[in-house]
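For the sequence shown, position 188 matches number 299 in the numbering used here, and the numbering has no gaps at all.
Following: one structure in structure tokens, then a few remarks.
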Amino acid sequence: MSKDFSHQLPLFLDYSAHAQVDDEFNEFVGNQADRIFLNRGLTLVCGLRSSAKTQFIRALLKEARLRELKTCFIETNISHNPFAFEKAGTCDLVCIDKLNEVCGISEWELSLFHLINLMEDTKRKLILGTSVTPDNLKVSLADLGSRLRAGDRVYLGPFDDKTRLDFMRRTAKLRGFEISFDVGRFILNRSKRDMQEIEALVEKLESETMKQHRKVSIPFVKEVLRI
Numbered sequence: 112m113s114k115d116f117s118h119q120l121p122l123f124l125d126y127s128a129h130a131q132v133d134d135e136f137n138e139f140v141g142n143q144a145d146r147i148f149l150n151r152g153l154t155l156v157c158g159l160r161s162s163a164k165t166q167f168i169r170a171l172l173k174e175a176r177l178r179e180l181k182t183c184f185i186e187t188n189i190s191h192n193p194f195a196f197e198k199a200g201t202c203d204l205v206c207i208d209k210l211n212e213v214c215g216i217s218e219w220e221l222s223l224f225h226l227i228n229l230m231e232d233t234k235r236k237l238i239l240g241t242s243v244t245p246d247n248l249k250v251s252l253a254d255l256g257s258r259l260r261a262g263d264r265v266y267l268g269p270f271d272d273k274t275r276l277d278f279m280r281r282t283a284k285l286r287g288f289e290i291s292f293d294v295g296r297f298i299l300n301r302s303k304r305d306m307q308e309i310e311a312l313v314e315k316l317e318s319e320t321m322k323q324h325r326k327v328s329i330p331f332v333k334e335v336l337r338i
């Protein structure tokens, strides 16, 4: 498998209307699963609401079992268990929720790093749930931090400005250009905070930066987006 981890544009989902009815919710997750399972290796599920994120991850596990995949869920609210990671290494899909709660713990970080590499190398799927965007995780192991930042991302609504900014910058990076934090905040403060609009603005900036061969600066944004 290619070691270019930046291979899929971020996916943003707001499923609050579906989350009230189990059948509707399971159907919603099933419809998204093809895209999430499509690329092997690491995907981070980022959501402010812990319960919704956990529900989404467990629904993905259920969908995987319906597809006759061998699954494993590693708990983070217990002491580090190396045997759990050994078992995970034999599964088609591994899910770990509340990643942000074990970042900074050396045993967890080292096991996570090796598990990510194993799942990438063997073309299997690892899903990590976090209430903190990857760029803001407090990770001590530098190599783990780079792996987490490079993984595919699914953003679950509701969204705050940190998530919107992370989504904007990540989308731009995967389209081949950079949006700095300062430029991103400038755009957010002068536009609707709708994720679809943010995606459209990034697409427009991509087109113009290619045409004009210019970096995305605040003057450039003012000119292109007229904000």
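Just so it is clear, CB atoms sit at the ideal spot from N, CA and C, and this is done for glycine as well.
All values reported here derive from a predicted model rather than from experimental measurement.
Counting along the chain, the unbroken alpha helix (DSSP H) around THR282 starts and ends at 272 to 285. No Cβ-Cβ contact shorter than 8 Å links SER222 with SER251.
If you ignore the 5 residues before and after ASN211, its C-beta comes within less than 7 Å of the C-beta of THR241, SER242, VAL243 and LEU248, all in its own chain and listed in chain order. Look at the beta carbons and you see the region 307 to 316 touching the region 265 to 285: at least three pairs across the two are nearer than 8 Å. Secondary structure at THR320: helix, using DSSP grouped into helix, strand and coil. Taking ILE338 as the centre and dropping the five residues before and after it, the same chain places the C-beta of ARG301 closer than 6 Å to its C-beta, in chain order.
Apart from sequence neighbours up to five positions away, the residues of its chain that approach VAL205 with a beta-carbon distance below 6 Å are CYS183, ALA199 and LEU237, ordered along the chain. For the pair LYS181 and ASN192, the Cα-to-Cα distance works out to about 20 Å. Taking C-beta atoms as the reference points, LEU124 and VAL294 fail to come closer than 8 Å. With respect to the C-alpha of LEU267, the residue from LEU336, PHE278, PHE196 and LEU229 having the closest C-alpha is PHE278. DSSP lists GLY240 and VAL265 as the bridge partner or partners of VAL156. The Cβ-Cβ distance between LEU255 and GLU231 does not fall below 8 Å.
In this structure, DSSP gives PHE167 a helical state, which the three-state scheme calls helix. The C-alpha of VAL327 lies about 7 Å from the C-alpha of THR320. Take ASP145, set aside five residues on each side of it, and no residue of its chain has a beta-carbon closer than 8 Å to its own.
Rounded to the nearest whole angstrom, the CA to CA distance from CYS157 to LYS164 is 7 Å.
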